[in-house]
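Residue numbers (this note's numbering): 1 to 166.
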């Protein structure tokens, strides 16, 4: 049921994206989509054992996608949201507020270490992802400027060649 609902949600995303193309609602749509993805990752983490689950590795994908589609600031926002949900889930599991089935027994220090390591990793990924996407955007802008100069030079040389007989 969970996987089918995520596939249906992806289809809805695609249909909405066709309607929104780069206008003022695009940023809100992307933030909404990535936040829903982070919530889905947290639910998947809950379903697969909480602290013992390997699906915590999906959070960095959302953080990186925020940077690629939006900007550096979005990386930090999604990293913060991921930290809150991940840390909250593990805290709820630690204090037995929610029961997560697990074959292993974890101590409190395991929970705190895991939360700390993931928070550091999420922000490090946000920093590096934001830095690299910022560099990519700057390189793209420089390339577009160079392309415009080359187009102008081609037009000028064509004009010179066409004007040679006169």
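A virtual CB, placed ideally from N, CA and C, is assigned to each residue, including glycine.
These figures come from a predicted structure and were not determined experimentally.
Quick one: Cα of residue i to Cα of residue j, how far?
i: residue 32; j: residue 63; result: 13 Å
i: residue 135; j: residue 166; result: 47 Å
i: residue 156; j: residue 142; result: 21 Å
i: residue 132; j: residue 80; result: 19 Å
i: residue 110; j: residue 122; result: 18 Å
i: residue 154; j: residue 140; result: 21 Å
i: residue 10; j: residue 150; result: 40 Å
i: residue 129; j: residue 97; result: 34 Å
i: residue 73; j: residue 2; result: 30 Å
i: residue 20; j: residue 138; result: 25 Å
i: residue 25; j: residue 78; result: 18 Å
Leaving out the 5 sequence neighbours to the left and right, which residues in its chain are closer than 8 Å to residue i when beta-carbon positions are compared?
i: residue 55; result: 41, 44, 45 and 48
i: residue 50; result: 89, 90, 93, 100 and 102
Pick from the options: whose alpha carbon is nearest that of residue i?
i: residue 90; options: 112, 164 and 2; result: 112
i: residue 29; options: 58, 59, 98 and 69; result: 69
i: residue 107; options: 127, 95 and 158; result: 95
i: residue 125; options: 97, 146, 65 and 99; result: 65
i: residue 57; options: 119, 144, 152 and 161; result: 119
Determine, using beta carbons only, whether residue i and residue j come nearer to each other than 8 Å.
i: residue 75; j: residue 88; result: no
i: residue 39; j: residue 85; result: yes
i: residue 82; j: residue 59; result: yes
Leaving aside the five residues before and after residue i along the sequence, list all residues of the same chain whose C-beta is less than 7 Å from its C-beta, in chain order.
i: residue 13; result: 33
i: residue 27; result: 70
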